[in-house]
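Data first, discussion second: the structure below is written as structure tokens.
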Amino acid sequence: MPTVLFRLLQRLISIRSWTTPALVITFVFFTSWPLMALFERADSELTAPENYWWWFLVTTSTVGYGDFYPETTGGHVVGVYVIVGGIATLTTLFTHLATTLETARGRRMSGSGSLHISDHIVVLGYGAGRSERIIDELLADGRHPVVLGAWDDVDHNPVPDRGIGFVRGDLTAEDVLHRAGVHRARSVLIDARDDNEALAVAVSVHHVNPALEPVIALRDMSRAEHMRYVDETIRCVQWHTPHMITEELLDPGITQVYSELVTHGGGNTYSCRLPESLGPVSYGDCQFALGNRHDATVLAARTDSELLISPSWRTRLPAGSTLYYICARRISQDQLARAVREASDSRRT
């Protein structure tokens, strides 16, 4: 009889399923109880229904409090059977759990799984070094999760230490884009290997999620018009400016601002030195004076020792410092000095 039970137990353990541990422990419980009742005395407290389940639990978990225990040789044999069943159950459970976790990790590393994520940023295309820089800047912002999608030539997750999602496959295929969660994404960067490939990926992305406004890194900006045949909301950025690409992903429209700043006739940028006659003045005085008097915006200031990008308004600027500002026209030193003096006088009064 014990040999038959042990063989049945071995057969149950061989079943690879989450139900196996439950089957094993159930089988051991319902076969050990009548056997224990058979071998122990009729008045044994151990075989009472209110006691046996407790003894069975602490014995199979190998805790063994000793408050109940078999007293006959046959009962000891049944106890060994219960202990073996408990160990087999735990071993089966932990083995299956480890296998499941390893399989899931393998799928994540190989990019073959589906990601259950939303409101994230998807980067489609991988370039060694370049993609890491873009991903690090997106992660530094900290507002949205990031997913990297790569072509089949990238055989495993190239940035496992970043803690981001990864999918691999044909980036023009609908199922791959769905696995990356493009249909639930906040934004998408198409960073393809060439502009023709970028166009093909853009068509697929638009098909999967027409509401998206993708950012596309282009080597030839004249191709931007072709991209807008797919979707007028597509935003194209020069391929060799990864920092600007991340800024456009995080703050849509910022590349248009940059474009206007470097285009003649747009919001032109100028510089002007603070006259020695003014003496030290605060950055806030300069900002207020030029804004109030000339509708200008001061972007930065350079002293003898450093360049200050949008510093605190309380920052003191020594005479001879250079201001960099945006304005419709150039402001002379005399106009600058007059505007700063007027602003200082009005604040004192």
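Reading the sequence shown from the start, the letters are residues 115 to 463 in my numbering. For every residue, glycine included, the Cβ atom is placed at its ideal position computed from N, Cα and C.
With 16 or more other Cβ atoms from the protein chains shown falling within 10 Å of its own Cβ, aspartate 305 counts as buried. In this structure, DSSP gives tyrosine 384 an extended state, which the three-state scheme calls strand.
Arginine 416 carries a strand assignment under DSSP once its states are collapsed to helix, strand and coil. Look at valine 315 here: in three-state DSSP terms it is helix. Under the three-state reduction of DSSP, arginine 349 is assigned to strand. Separation of the CB atoms of glycine 295 and leucine 229 is rounded to 5 Å, and the pair is thereby assigned contact status at 8 Å.
Under DSSP, threonine 436 shares a beta bridge with Arg387 and Arg416. For valine 268, no alpha helix (DSSP H) segment is defined, and its DSSP state is neither H nor E. Non-local beta-carbon contacts of threonine 203 in its own chain, meaning distances under 7 Å to residues more than five positions away in sequence, involve Pro135, Val138, Ile139 and Thr174 in chain order. Here isoleucine 423 is exposed, its C-beta having fewer than 16 other C-beta atoms within 10 Å.
Per the C-alpha coordinates, the member of Pro272, Phe141 and Thr286 positioned closest to phenylalanine 280 is Pro272.
Within the DSSP secondary-structure output, leucine 431 pairs in a beta bridge with Val395. A contact is defined here as three or more CB-CB pairs under 8 Å, and the segment 414-434 meets this definition with respect to the segment 380-395. At the C-beta level, isoleucine 235 and proline 274 stay beyond 9 Å of one another. In the three-state DSSP reduction, arginine 247 falls in the helix class (H, G or I). Contact check for tyrosine 439 against tyrosine 397 fails: the beta carbons are separated by 9 Å or more.
A check of alpha carbon separations from isoleucine 445 across Glu456, Leu388 and Ser419 identifies Leu388 as the nearest. Alanine 410 sits buried, since 16 or more C-beta atoms from the chains shown fall within 10 Å of its C-beta. Straight across, the Cα-Cα distance linking alanine 312 with leucine 413 is about 35 Å. The beta carbons of threonine 176 and glycine 200 sit closer together than 9 Å.
Here leucine 285 is near valine 315, since their CB atoms are less than 9 Å apart.
In the structure shown, the three-state DSSP call for threonine 411 is strand. Here DSSP, grouped into helix, strand and coil, assigns isoleucine 423 to strand.
The straight-line gap separating the alpha-carbon atoms of phenylalanine 208 and phenylalanine 144 is approximately 23 Å.
Here valine 177 carries a coil assignment [DSSP, helix/strand/coil]. In this structure, the beta-carbon distance from valine 192 to serine 158 does not fall below 9 Å. Under the DSSP assignment, serine 373 falls in the alpha helix (DSSP H) whose first and last residues are 368-375. For the pair leucine 404 and alanine 453, the CB atoms are nearer than the 9 Å cut-off.
The straight-line gap separating the alpha-carbon atoms of aspartate 308 and aspartate 334 is approximately 9 Å.
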